[in-house]
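Residue numbers (our numbering), protein chains in the order written: chain E, 4 to 424; chain W, 725 to 804.
Next up, the structure:
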């Protein structure tokens, strides 16, 4: 690799080199506790997916260009140039990672491999080796906002279709899906699809919430792609909308990474404190149930049901109890998986993997631990508030013909509401 | 007009939730030759913005996009 190219890639690392990253790169003891924490390594036994190994590839470049020992005696310190072989290895191990951070949870030093891999993705993008599909999805999202006038009418037409279904569902001809409503208390940020709009709209309607729907989807493929600037701009679309409309809170739909981006990353990326709260839709629904703002039929679901903590909502988002309380409010036979909450196994569908066709076989194989957990509960329904998790578990379900139904949590709430339909 | 266009690949995207219709079109566009056309049928209204946005950002072309009953039908031409 030419010097100029190496300088570009090491420059990327230098830009990412916070004290935190340096510490992660310096202190790994190679104890390999992370091997038993990673669903991908456990399912495949492939060294490529060992968390410490994934980080080691970045560490090798770091040693060569950021430590004197590695610079002068590279062979002794396992220091390497970012050559094509290393970048190919890095691509496979990095874009396969779901960013679930279960390895960090068990690491004695809490090394955040996903954080290290965010530097890896930046290097790969600078080398022209970013994942093409994730990049395309990020660009498509920005295309909609950069040329909003071109897309505005079809987006609103789509909302009108959903509004028609809302009127039927609620039996209220005045039920509406408000958009661009100044003075609304809540800006709800859905996914691009109707499935994440209709249940929330019915719940907001029932609760009498003064809400408005974002013109933009919450999904953020810039984050999965690993381009922080694109990821910020994608989130800016609805954060700017929230500021313009003067809402009191932004409520993110049942999507794991979108919640984490909005709640934990966007302020740091934009350098501005949000003038509103950010909450996950399940926090809001749980509050509505407990405050009596929506009424549910207890025991609406009698089949055994379990709950999967999406990594970005649970372990990395801190939301554990509200979804369980919601499920218990509508179901008579709730069976938690073991382990659960912060120790929950990743299902294997995160990190944008469900969009990457060439990873499908690997992705489904990596769901082995989740499959064991699901089977052990004997549940017939799995509720989970993340689109990627649901797609993965539906894939596992289809592959093995388990006959299990995978549902968003808010669909359970909708099923348990007394609506004319 | 769409009846006059030769379709090289039919994609049934019914039941898929956004952004998966866009993902599937992107995954399969390489299966038709440059100049070839995919006819994609989706049921999620989000596809009406997603697929044209993907096409515009990747340099491909949506020849037509419209609603037929409860379905959204797209003719997408591979340009490069």
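Note that CB positions come from ideal geometry on N, CA and C, so glycine has one too.
Short CB-CB distance (under 8 Å) between residue i and chain W
| i | result |
| --- | --- |
| residue 194 (chain E) | yes |
| residue 154 (chain E) | yes |
| residue 15 (chain E) | no |
| residue 198 (chain E) | yes |
| residue 2 (chain E) | Residue 2 (chain E) is absent from the model: chain E starts at 4 and stops at 424. |
| residue 416 (chain E) | no |
| residue 158 (chain E) | yes |
| residue 365 (chain E) | no |
DSSP state of residue i mapped onto helix, strand, coil
| i | result |
| --- | --- |
| residue 80 (chain E) | coil |
| residue 385 (chain E) | strand |
| residue 731 (chain W) | coil |
| residue 252 (chain E) | strand |
| residue 791 (chain W) | strand |
| residue 341 (chain E) | coil |
| residue 185 (chain E) | coil |
| residue 396 (chain E) | helix |
| residue 766 (chain W) | strand |
| residue 737 (chain W) | strand |
| residue 180 (chain E) | coil |
| residue 725 (chain W) | Note that residue 725 (chain W) has pLDDT 47, beneath the 50 cutoff, so the model's placement of it is unreliable and the number below is only indicative. Correct three-state label for residue 725 (chain W): coil. |
| residue 798 (chain W) | strand |
| residue 282 (chain E) | strand |
| residue 272 (chain E) | helix |
| residue 264 (chain E) | helix |
| residue 137 (chain E) | helix |
| residue 305 (chain E) | coil |
| residue 299 (chain E) | strand |
| residue 785 (chain W) | strand |
| residue 758 (chain W) | coil |
| residue 374 (chain E) | helix |
| residue 405 (chain E) | coil |
| residue 803 (chain W) | coil |
Residue from the options with nearest C-alpha to residue i
| i | options | result |
| --- | --- | --- |
| residue 52 (chain E) | E:64, E:38, E:63 and E:61 | E:38 |
| residue 394 (chain E) | W:739, W:804, W:731 and W:729 | W:739 |
| residue 258 (chain E) | W:759, W:766, W:800 and W:742 | W:742 |
| residue 34 (chain E) | E:256, E:15, E:347 and E:54 | E:54 |
| residue 407 (chain E) | E:391, E:47, E:377 and E:421 | E:377 |
| residue 804 (chain W) | W:756, W:794, W:774 and W:787 | W:756 |
| residue 88 (chain E) | E:186, E:399, E:342 and E:60 | E:60 |
| residue 344 (chain E) | E:85, E:108, E:234 and E:391 | E:108 |
| residue 244 (chain E) | E:162, E:287 and E:190 | E:190 |
| residue 221 (chain E) | E:21, E:193 and E:132 | E:193 |
| residue 410 (chain E) | E:313, E:367, E:359 and E:246 | E:313 |
| residue 158 (chain E) | E:219, E:175 and E:203 | E:219 |
| residue 792 (chain W) | W:802, W:786, W:801 and W:772 | W:772 |
| residue 360 (chain E) | W:752, W:730 and W:734 | W:752 |
| residue 367 (chain E) | E:47, E:138 and E:223 | E:47 |
Endpoints, the alpha helix (DSSP H) within which residue i is located
| i | result |
| --- | --- |
| residue 15 (chain E) | 6 to 19 |
| residue 120 (chain E) | 116 to 129 |
| residue 416 (chain E) | 412 to 419 |
| residue 778 (chain W) | 771 to 782 |
| residue 330 (chain E) | 324 to 333 |
| residue 422 (chain E) | Segment: none, residue 422 (chain E) is in no alpha helix (DSSP H) and carries neither H nor E. |
| residue 61 (chain E) | 54 to 69 |
| residue 228 (chain E) | 224 to 228 |
| residue 99 (chain E) | 87 to 99 |
| residue 364 (chain E) | 363 to 368 |
| residue 30 (chain E) | 22 to 30 |
Chain E within 8 Å of residue i, Cβ atoms only
| i | result |
| --- | --- |
| residue 769 (chain W) | yes |
| residue 803 (chain W) | no |
| residue 764 (chain W) | no |
| residue 741 (chain W) | yes |
| residue 788 (chain W) | no |
| residue 780 (chain W) | yes |
Residue range of the beta strand (DSSP E) that includes residue i
| i | result |
| --- | --- |
| residue 173 (chain E) | Run containing residue 173 (chain E): none in the beta strand (DSSP E); it sits in the alpha helix (DSSP H), 151 to 173. |
| residue 216 (chain E) | 214 to 216 |
Short CB-CB distance (under 8 Å) between residue i and chain A
| i | result |
| --- | --- |
| residue 164 (chain E) | The question asks about chain A, but that chain is absent: this structure's protein chains are E and W. |
**Prompt:** When the Cβ atoms of the region 372 to 383 of chain E are set against those of the region 307 to 314 of chain E, are three or more pairs found closer than 8 Å?
**Reply:** yes
**Request:** Count the CB pairs spanning the region 65 to 82 of chain E and the region 197 to 214 of chain E that are closer than 8 Å, and state whether there are at least three.
**Result:** no
**the region 143 to 150 of chain E contacting the region 768 to 786 of chain W, beta-carbon criterion three pairs below 8 Å** = yes
**Request:** Count the CB pairs spanning the region 239 to 255 of chain E and the region 279 to 295 of chain E that are closer than 8 Å, and state whether there are at least three.
**Result:** yes
**the region 199 to 219 of chain E in contact with the region 293 to 305 of chain E per 3-pair CB rule at 8 Å** = yes
**Request:** May I ask you to verify whether the region 344 to 352 of chain E touches the region 96 to 115 of chain E, counting CB pairs closer than 8 Å and requiring at least 3?
**Result:** Because the criterion of three Cβ pairs below 8 Å is met, the region 344 to 352 of chain E and the region 96 to 115 of chain E touch.
**Message:** I'd like to know if the region 11 to 29 of chain E and the region 107 to 124 of chain E are in contact, where contact means that at least 3 CB-CB pairs between them fall below 8 Å.
**Reply:** The answer is yes - the region 107 to 124 of chain E touches the region 11 to 29 of chain E, with three or more Cβ pairs under 8 Å.
**Message:** Assess contact between the region 123 to 140 of chain E and the region 88 to 98 of chain E, defined as three or more Cβ pairs (one per stretch) separated by less than 8 Å. Is contact present?
**Reply:** yes
**Prompt:** Touch check for the region 387 to 406 of chain E and the region 148 to 155 of chain E: three-plus C-beta pairs under 8 Å?
**Reply:** no
**Request:** Determine, using beta-carbon pairs with one atom in the region 412 to 419 of chain E and one in the region 367 to 374 of chain E, whether at least three such pairs fall under 8 Å.
**Result:** no
**Message:** Does the contact criterion of 3 or more C-beta pairs under 8 Å hold for the region 170 to 188 of chain E versus the region 214 to 229 of chain E?
**Reply:** The region 214 to 229 of chain E and the region 170 to 188 of chain E touch, with three or more beta-carbon pairs separated by less than 8 Å.
**Asked** Between the region 789 to 799 of chain W and the region 750 to 768 of chain W, are three or more C-beta pairs nearer than 8 Å?
**Response** yes
**Prompt:** Taking one C-beta from the region 266 to 275 of chain E and one from the region 236 to 243 of chain E each time, how about it: are there three or more such pairs within less than 8 Å?
**Reply:** yes
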